[in-house]
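In order, the protein sequence lines correspond to chains A and B.
Numbering follows the working numbering, in which position 207 of the first sequence is assigned residue number 207; successive positions increment by one, without gaps.
Numbering follows the working numbering, in which position 134 of the second sequence is assigned residue number 134; successive positions increment by one, without gaps.
Read the structure below first, then the notes.
Protein chains: 2
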Amino acid sequence: MREAVTYGTVLELFVTERAAHRHPDLIEASSAPVSLITERAAAGLSETATPQGIVAVCTTLGCPAAEALRGTRLVAVLAGVSDPGNAGTVIRVADAAGAGAVVFAGDAVDPHNGKCVRASTGSVFHLPLGVERDPHRAVAACRQAGLQVLAADADSGRDLDDIIDAGSLAAPTAWLFGNEVHGMDRDVLAAADYAVAIPLYGRAESLNLATAAAICLYASARAHRRRPAAGAIT
Amino acid sequence: MREAVTYGTVLELFVTERAAHRHPDLIEASSAPVSLITERAAAGLSETATPQGIVAVCTTLGCPAAEALRGTRLVAVLAGVSDPGNAGTVIRVADAAGAGAVVFAGDAVDPHNGKCVRASTGSVFHLPLGVERDPHRAVAACRQAGLQVLAADADSGRDLDDIIDAGSLAAPTAWLFGNEVHGMDRDVLAAADYAVAIPLYGRAESLNLATAAAICLYASARAHRRRPAAGAIT
Numbered sequence: 001m002r003e004a005v006t007y008g009t010v011l012e013l014f015v016t017e018r019a020a021h022r023h024p025d026l027i028e029a030s031s032a033p034v035s036l037i038t039e040r041a042a043a044g045l046s047e048t049a050t051p052q053g054i055v056a057v058c059t060t061l062g063c064p065a066a067e068a069l070r071g072t073r074l075v076a077v078l079a080g081v082s083d084p085g086n087a088g089t090v091i092r093v094a095d096a097a098g099a100g101a102v103v104f105a106g107d108a109v110d111p112h113n114g115k116c117v118r119a120s121t122g123s124v125f126h127l128p129l130g131v132e133r134d135p136h137r138a139v140a141a142c143r144q145a146g147l148q149v150l151a152a153d154a155d156s157g158r159d160l161d162d163i164i165d166a167g168s169l170a171a172p173t174a175w176l177f178g179n180e181v182h183g184m185d186r187d188v189l190a191a192a193d194y195a196v197a198i199p200l201y202g203r204a205e206s207l208n209l210a211t212a213a214a215i216c217l218y219a220s221a222r223a224h225r226r227r228p229a230a231g232a233i234t
Numbered sequence: 001m002r003e004a005v006t007y008g009t010v011l012e013l014f015v016t017e018r019a020a021h022r023h024p025d026l027i028e029a030s031s032a033p034v035s036l037i038t039e040r041a042a043a044g045l046s047e048t049a050t051p052q053g054i055v056a057v058c059t060t061l062g063c064p065a066a067e068a069l070r071g072t073r074l075v076a077v078l079a080g081v082s083d084p085g086n087a088g089t090v091i092r093v094a095d096a097a098g099a100g101a102v103v104f105a106g107d108a109v110d111p112h113n114g115k116c117v118r119a120s121t122g123s124v125f126h127l128p129l130g131v132e133r134d135p136h137r138a139v140a141a142c143r144q145a146g147l148q149v150l151a152a153d154a155d156s157g158r159d160l161d162d163i164i165d166a167g168s169l170a171a172p173t174a175w176l177f178g179n180e181v182h183g184m185d186r187d188v189l190a191a192a193d194y195a196v197a198i199p200l201y202g203r204a205e206s207l208n209l210a211t212a213a214a215i216c217l218y219a220s221a222r223a224h225r226r227r228p229a230a231g232a233i234t
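Written as structure tokens, this is what we have:
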């Protein structure tokens with residue numbers, strides 16, 4: 001809520017008396033009209049079991065992919081990600097890693113889904129969310145924006161550590177992440193420059209989406225910011 | 001379920017007729033006695049909304065921390081982690097990163113919690129889970145096992161990238177992760193060798209526990225397996 005108010009996406013704010021007393025700063029910071037509502041109305045408007053007593057009407061979040069991608073050097077593309085909690089957590093970690101945008105591609109969850117917004121802990125308001133129903137167009141838009149396109153795929157990918165060692169992550173990069181259950185569509189995978197697999201050293205058969213995204217995005221963030229090790233070819 | 005059977009921790013197996021037909025390999029692989037039960041009994045025994053029709057009685061998972069830590073080079077310590085889904089996801093990523101054990105320290109969730117077991121997707125059966133109620137003793141047990149003790153703490157830590165560059169992660173390491181909401185107890189933090197912060201490049205104020213653990217544990221996994229870059233002091 002604080003993030004929505006801070007980043008100016010609130011059109012109208014509804015608060016209970018109790019919430020208004022608890023968060024006077026929030027009411028003050030809002031440039032949108034504020035209306036008092038009853039606890040019962042707040043419960044009706046809210047999706048959660050313990051509503052906070054504040055409900056905001058916000059501008060919609062999505063924009064065309066090409067617009068979201070403008071000037072970015074690191075991007076997460078959710079290609080068919082269907083769990084809203086996963087999507088929100090990836091938005092949060094993409095924000096933390098300094099990504100310039102997140103793109104919802106194919107049959108991905110709606111970024112306005114309440115669980116997605118809550119799991120992002122405000123990050124949906126921090127970076128542009130592109131929406132492109134056709135995953136191939138999403139890949140094309142990434143290339144158009146000057147990004148290499150790497151698909152996270154445990155089954156077919158080159159080892160992430162080898163990619164890091166080769167310096168391949170220094171280039172501006174869009175990371176494609178597929179559906180949690182079915183993985184990435186084969187034809188979307190083929191459209192990427194190549195696939196990358198996070199090495200599995202133990203006996204786990206896979207990683208969950210958000211942890212895999214965290215490892216890939218932070219590997220890129222590090223490659224973008226650190227100089228090559230002393231003695232490496234520069 | 002498959003993992004529990006494979007790793008021989010099942011004492012007794014209860015299956016519905018339907019599940020027995022669907023998973024004949026599982027029944028065959030089990031060295032434990034198998035009993036047929038009704039769908040209704042399976043629903044009563046299961047915690048989930050859509051029970052799979054198979055219920056196993058397993059040996060308990062925990063062991064003393066010192067026993068779990070024996071011979072390890074990478075360990076995750078859940079110091080007061082209270083969300084079972086988070087704990088299970090950290091066990092899964094620790095397994096994937098090749099950690100030798102996970103230690104539940106202080107007021108951490110019970111590793112037998114159904115949500116923890118399910119979120120681990122079988123990894124609770126892959127590596128020893130140490131249990132030590134006193135977090136200071138858990139830290140002492142890690143040192144005793146020859147591990148440096150690094151506390152993941154966004155507020156007070158040295159930058160993770162600096163630690164990587166300094167080669168500090170090459171040593172056998174126990175990573176301490178604190179409670180999702182309250183963070184790490186100050187005195188537990190003080191007991192660590194030092195605190196490490198994952199850099200936040202965007203506007204996100206923090207990472208969630210599982211993604212933070214993924215980044216730290218995989219940074220260690222990489223440092224343990226890769227040679228220093230050419231030209232670096234070896």
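Note that CB positions come from ideal geometry on N, CA and C, so glycine has one too.
How would you write the range of the alpha helix (DSSP H) that residue 164 of chain A sits in, first residue to last? Within the first sequence, the letter at position 164 stands for residue 164 of chain A. 160-165 is the extent of the alpha helix (DSSP H) around residue 164 of chain A.
Distance cutoff 8 Å, beta carbons only. Does residue 96 of chain A sit that close to anything in chain B? By 1-based counting over the first sequence, the position of residue 96 of chain A is 96. For residue 96 of chain A, the answer is yes, since a Cβ of chain B falls inside 8 Å of its Cβ.
Going by the CB atoms, is the gap between residue 213 of chain A and residue 77 of chain A shorter than 8 Å? Here residue 77 of chain A refers to the residue found at position 77 when the first sequence is read from its first residue. Here residue 213 of chain A refers to the residue found at position 213 when the first sequence is read from its first residue. No, these two residues do not count as a Cβ contact at 8 Å.
Listed from N- to C-terminal order along the chain, which residues in the stretch 91-117 of chain A have their beta-carbon within a distance smaller than 8 Å of any beta-carbon of chain D? Chain labels in this structure do not include chain D; the protein chains are A and B.
Measure the CB-CB distance between residue 99 of chain B and residue 124 of chain B and report whether it falls below 8 Å. To locate residue 99 of chain B, count along the second sequence from 1; it is residue 99. To locate residue 124 of chain B, count along the second sequence from 1; it is residue 124. Not a contact, by the Cβ cut-off of 8 Å.
Within the 8 Å Cβ cut-off, does residue 159 of chain B reach chain A? Position 159 of the second sequence, counted from the start, is the residue given in the question as residue 159 of chain B. With 8 Å as the cut-off, residue 159 of chain B does not count as an interface residue toward chain A.
Alpha-carbon to alpha-carbon, residue 134 of chain A and residue 25 of chain A: On the first sequence, position 25 is the one that residue 25 of chain A refers to. On the first sequence, position 134 is the one that residue 134 of chain A refers to. C-alpha separation (whole angstroms): 42 Å.
By the DSSP assignment, the beta strand (DSSP E) with residue 209 of chain B in it spans what residues? Taking the first residue of the second sequence as position 1, residue 209 of chain B is located at position 209. Where residue 209 of chain B is concerned, there is no enclosing beta strand (DSSP E), although the alpha helix (DSSP H) it sits in stretches over 209-225.
Could you pull the start and end residues of the beta strand (DSSP E) that residue 77 of chain B belongs to? Here residue 77 of chain B is taken as the residue at index 77 of the second sequence, counted from 1. Looking at the DSSP string, the run of the beta strand (DSSP E) that includes residue 77 of chain B is 74-79.
Report yes or no: is there a C-beta of chain B within less than 8 Å of the C-beta of residue 150 of chain A? Residue 150 of chain A sits at position 150 when you count from the first residue of the first sequence. By this cut-off, residue 150 of chain A is not an interface position.
Enumerate, from N- to C-terminal direction, the unbroken beta strand (DSSP E) stretches of 3 or more residues contained entirely within the stretch 102-171 of chain A. 129-132 and 148-152
Between which two residues does the beta strand (DSSP E) holding residue 64 of chain B run? Numbered from 1 along the second sequence, position 64 holds the residue referred to as residue 64 of chain B. That run of the beta strand (DSSP E) goes 62-64.
Rounded separation between residue 225 of chain B and residue 80 of chain B - CA only: Counting from 1 along the second sequence, the entry for residue 225 of chain B is found at position 225. Counting from 1 along the second sequence, the entry for residue 80 of chain B is found at position 80. If I take the Cα positions, the gap works out to 30 Å.
Classify residue 35 of chain A as buried or exposed, calling it buried when 16 or more other Cβ atoms lie within 10 Å of its own Cβ. As a working mapping, residue 35 of chain A is identified with position 35 in the first sequence. Classification for residue 35 of chain A: exposed.
Would you mind telling me which residues of chain B sit closer than 7 Å to residue 215 of chain A, beta carbon to beta carbon, in chain order? Locating residue 215 of chain A in the first sequence gives position 215, where the first residue counts as 1. Result: 214, 215 and 218.
So with CB distances below 8 Å, who are the chain A contacts of residue 322 of chain B? Nothing can be reported for residue 322 of chain B: it is not among the residues displayed for chain B, which extend from 1 to 234.
Can you list, in chain order, the residues of its chain with a C-beta nearer than 6 Å to that of residue 115 of chain A? Leave out the 5 residues immediately preceding and following it. As a working note, residue 115 of chain A is residue 115 in the first sequence. Excluding positions up to five away in sequence, the list reads 84 and 85.
Contact under 8 Å by Cβ, residue 129 of chain A with residue 61 of chain A: Working through the first sequence from its first residue, we reach residue 129 of chain A at position 129. Working through the first sequence from its first residue, we reach residue 61 of chain A at position 61. The answer is yes: Cβ separation under 8 Å.
Would you check if there are 3 or more beta carbon pairs closer than 8 Å linking the stretch 45-60 of chain B to the stretch 149-167 of chain B? no
Segment contact flag, the stretch 213-222 of chain B with the stretch 102-114 of chain A, C-beta cutoff 8 Å, min 3 pairs: no
Can a CB atom of chain B be found closer than 8 Å to the CB of residue 221 of chain A? What you label residue 221 of chain A is simply residue 221 of the first sequence in a count that begins at 1. Judged by the 8 Å Cβ criterion, residue 221 of chain A is in contact with chain B.
Is there a C-beta anywhere in chain A that falls below 8 Å from the one on residue 204 of chain B? Here residue 204 of chain B refers to the residue found at position 204 when the second sequence is read from its first residue. It does; some Cβ of chain A falls within 8 Å.
Assess contact between the stretch 145-152 of chain A and the stretch 32-51 of chain A, defined as three or more Cβ pairs (one per stretch) separated by less than 8 Å. Is contact present? no
In angstroms with no decimal places, state the Cα-to-Cα distance between residue 46 of chain B and residue 14 of chain B. In the second sequence, residue 46 of chain B corresponds to position 46, counting from 1. In the second sequence, residue 14 of chain B corresponds to position 14, counting from 1. Near 11 Å, if we compare the C-alpha coordinates of residue 14 of chain B and residue 46 of chain B.
Output, in chain order, the set of chain B residues within a Cβ distance shorter than 7 Å of residue 86 of chain A. To locate residue 86 of chain A, count along the first sequence from 1; it is residue 86. Residues of chain B passing the Cβ test: none, with the nearest at roughly 11 Å.
Any idea if residue 39 of chain A is buried or exposed, counting beta-carbon neighbours within 10 angstroms, 16 or more meaning buried? The residue labelled residue 39 of chain A in the question sits at position 39 within the first sequence. It is exposed - the Cβ of residue 39 of chain A has fewer than 16 other Cβ atoms within 10 Å.
Starting from residue 244 of chain B, follow the alpha helix (DSSP H) in both directions and report where the run begins and ends. Residue numbering for chain B in the displayed model covers 1 to 234; residue 244 of chain B lies beyond these limits and cannot be assessed.
So, helix, strand or coil for residue 230 of chain A, using DSSP? Here residue 230 of chain A refers to the residue found at position 230 when the first sequence is read from its first residue. Low per-residue confidence applies at residue 230 of chain A: pLDDT is 44, beneath 50, and the placement is therefore not dependable, though the value from the model is reported in the following sentence. Looking at residue 230 of chain A - three-state DSSP - the assignment turns out to be coil, as it is neither helix nor strand.
I need the straight-line Cα distance from residue 203 of chain A to residue 165 of chain A, nearest angstrom please. Locating residue 203 of chain A in the first sequence gives position 203, counting from the first residue. Locating residue 165 of chain A in the first sequence gives position 165, counting from the first residue. Using only the alpha carbons, I get a separation of about 24 Å.
Could you tell me the alpha carbon to alpha carbon distance between residue 21 of chain B and residue 7 of chain B, rounded to whole angstroms? Taking the first residue of the second sequence as position 1, residue 21 of chain B is located at position 21. Taking the first residue of the second sequence as position 1, residue 7 of chain B is located at position 7. Answer to the nearest angstrom: the Cα atoms are 22 Å apart.
Quick one: list the residues of chain B neighbouring residue 211 of chain A, beta-carbon separation under 7 Å, in chain order. Counted from its first residue, the first sequence places residue 211 of chain A at position 211. Near residue 211 of chain A (Cβ distances below 7 Å), the residues of chain B are 89, 93, 210, 211 and 214.
Is residue 236 of chain B helix, strand or coil by DSSP? For chain B, the structure presents residues 1 to 234; residue 236 of chain B sits outside this window and is missing.
Inspect the beta-carbon positions of residue 65 of chain B and residue 89 of chain B and report whether they are closer than 8 Å. If you number the second sequence from 1, residue 65 of chain B lands on position 65. If you number the second sequence from 1, residue 89 of chain B lands on position 89. Not closer than 8 Å, so no.
Contact check, residue 283 of chain B vs residue 200 of chain B, beta carbons under 8 Å: The shown model of chain B, from 1 to 234, leaves out residue 283 of chain B, and the question about it has no answer.
Under 6 Å Cβ to Cβ from residue 29 of chain B, same chain only, skipping five residues before and after it: list those, please. Here residue 29 of chain B refers to the residue found at position 29 of the second sequence. Taken in chain order, the residues that qualify are 5.
Straight-line gap, residue 192 of chain B to residue 132 of chain B (C-alpha atoms, nearest Å): If you number the second sequence from 1, residue 192 of chain B lands on position 192. If you number the second sequence from 1, residue 132 of chain B lands on position 132. Going by the C-alpha atoms only, they are around 16 Å apart.
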